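Trainee:
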Amino acid sequence: MKIATFNINGIKARINALSDWLDEAQPDVALLQEIKSIDENFPREMFEDKGYNVQTHGQKSFNGVAILSKLPLEDVTRGLPGDDDDEQARWIEATVVGEQAVRICGLYLPNGNPVPGPKYDYKLAWMERLYKRAQELLRSEEPALMAGDYNIIPQAEDAKKPEDWVDDALFRIESRTAWRKIVNLGFTEAFRARNQLPEQYSFWDYQAGAWNRNNGIRIDHFLMTPQCADLLRDCQIDSAIRGREKPSDHVPVWVDIAA
DNA sequence: ATGGCCCGTACCACGGGA
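The numbering of the first sequence is the UniProt record's numbering, which starts it at 1 and goes up by one.
#1: Use the C-beta contact count for L31: other C-beta atoms within 10 angstroms, 16 or more gives buried, fewer gives exposed.
#2: In the DSSP assignment, find the beta strand (DSSP E) that holds S69 and state where it starts and stops.
#3: How would you write the range of the alpha helix (DSSP H) that A125 sits in, first residue to last?
#4: Excluding the five sequence neighbours on either side, which residues of its own chain have a C-beta within less than 8 Å of the C-beta of G186, listed in chain order?
#5: Distance check for V255 and L130, CA to CA, integer angstroms please.
#6: Would I257 pass as a contact of I3 if the rule is Cβ separation under 9 Å?
#7: To the nearest angstrom, how far is it from the Cα of I8 to the Cα of I173?
#8: From what residue to what residue does the beta strand (DSSP E) around I153 run?
#9: Reducing DSSP to helix, strand and coil, say where E74 ends up.
#10: Mind checking residue 261: buried by the 16 CB within 10 Å criterion, or exposed?
#11: Applying the 10 Å Cβ sphere with the 16-neighbour rule, what's the burial state of Y206?
#12: What is the rounded straight-line gap between the Cα of E163 and the Cα of A156?
#13: Where do the N-terminal and C-terminal ends of the alpha helix (DSSP H) with A178 fall, by residue?
#14: Mind reading off the beta-carbon distance from V96 to V29? Whole number of angstroms is fine, and I expect it under 8 Å.
#15: In this structure, does DSSP put Q55 in helix, strand or coil?
#16: I need the DSSP call for R44, collapsed to helix, strand or coil.
#17: Which same chain residues, not among the five before or five after T5, have their C-beta less than 6 Å away from its C-beta?
#18: Nearest by alpha-carbon distance to I79: which of I152, F42, L109, I153 is it?
#19: Can you tell me which residues form a DSSP beta bridge with M146?
#20: What ranges does the alpha helix (DSSP H) occupy inside the stretch 198–257, keeping only unbroken runs of at least 4 residues that lie completely in it?
#21: Going by alpha carbons, who is nearest to A169 out of I182, R180, D158, I153?
#22: Our contact map puts Q55 next to I104 with C-beta atoms below 8 Å; I'd like the distance itself, whole angstroms only.
#23: Helix, strand or coil: which one does DSSP assign to N16?
#24: For the alpha helix (DSSP H) that contains F191, what are its first and last residues?
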């Protein structure tokens with residue numbers, strides 16, 4: 001089963017690029033972030049025509065996540081537990097039933113800038129809620145993964161110029177501590193479990209020729225429970241997508257699991 | 001050498017992104 005995550009930076013602006021990538025990459029499951037659309041305006045028919053089941057959790061203008069799946073989706077839930085007043089659409093999960101069932105969570109973790117401030121407080125509070133959901137997934141002792149735009153640069157090697165990011169919400173020590181606290185519960189970060197190459201990124205800013213200089217950061221991740229990590233066959237970044245016409249600033253990252 | 005963008009909303013820049 002091939003599962004991909006892709007922050008598309010607006011479904012309306014990315015319809016063609018997303019359609020082309022789906023046709024070529026043929027993921028069984030695609031987790032999308034920043035659809036920037038209400039559910040009613042999401043072009044679900046286009047994906048249904050390609051054979052995908054579509055589940056969205058959108059809102060007006062900002063954020064928004066979705067799951068596309070060629071396999072049946074069961075027990076779909078929307079919103080990260082732990083704050084009933086949170087109105088930002090950043091979390092969706094579902095069980096994908098292939099050879100065996102896998103619980104799949106798609107997430108768009110808050111950016112958190114500027115630091116300090118209420119947006120950074122929100123990011124850290126959101127990560128505390130994520131920690132609790134992660135504990136529950138581990139306790140289930142079932143194959144499960146959490147994937148998406150984490151807005152976290154895990155290590156210095158995950159940025160071309162780490163010195164530019166030391167005071168940024170994506171790389172601040174509090175952010176990385178919260179990330180490591182989750183990983184250290186017992187999750188496998190799929191990309192580094194399969195790849196030790198330097199200069200592997202998933203985001204390049206639109207500004208300052210970042211793509212041409214490969215001035216990127218790796219912030220889109222898969223975290224897997226042990227039962228899911230046992231099934232991991234491969235994890236790769238489709239970085240060439242960034243060089244196409246009208247690209248998102250992120251590129252797809254995907255895993256292949258034996259499920 | 002320096003600085004450089006894009007999206008959605010609304011119709012004018014502006015908030016937000018990272």
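Cβ coordinates follow ideal geometry from the N, Cα and C atoms, glycine included. These figures come from a predicted structure and were not determined experimentally.
Mentor: If we stick to the structure as given:
#1: L31 is buried by the Cβ-count criterion.
#2: Annotation: the continuous beta strand (DSSP E) that includes S69 extends over 65–69.
#3: For A125, the enclosing alpha helix (DSSP H) stretches over residues 118–140.
#4: Non-local C-beta neighbours of G186 in its own chain, meaning closer than 8 Å and more than five positions away in sequence, comprise L138, T225, P226, ordered along the chain.
#5: Rounded to the nearest angstrom, the gap between the Cα atoms of L130 and V255 is 21 Å.
#6: Taking C-beta atoms as the reference points, I257 and I3 count as a pair closer than 9 Å.
#7: Cα to Cα, I8 sits roughly 27 Å from I173.
#8: That residue, I153, is in no beta strand (DSSP E); it is neither H nor E in DSSP.
#9: DSSP places E74 in strand when its eight states are reduced to three.
#10: No answer is possible for residue 261: it lies beyond the span of the chain, which begins at 1 and ends at 259.
#11: Its Cβ having fewer than 16 others within 10 Å, Y206 is exposed.
#12: Going from the Cα of E163 to the Cα of A156 covers about 8 Å.
#13: Here the alpha helix (DSSP H) through A178 covers 173–183.
#14: Distance from V96 to V29 at the Cβ level is roughly 6 Å; contact confirmed, criterion being Cβ atoms closer than 8 Å.
#15: Three-state result, Q55: strand.
#16: R44 falls in the helix class under three-state DSSP.
#17: The beta carbon of T5 sits closer than 6 Å to those of L31, A147, G148, D220, V253, all from its chain and outside the five residues before and after it, given in chain order.
#18: Correcting the residue identity first, residue 79 is Gly in this sequence and not Ile. Nearest option by C-alpha distance: L109.
#19: Its beta-bridge partners are C105, L223.
#20: Listed in chain order, they are 226–229.
#21: The candidate whose alpha carbon is nearest that of A169 is I153.
#22: Not a contact, Cβ separation roughly 11 Å.
#23: N16: helix per DSSP, three-state reduction.
#24: Start and end: 190–194.
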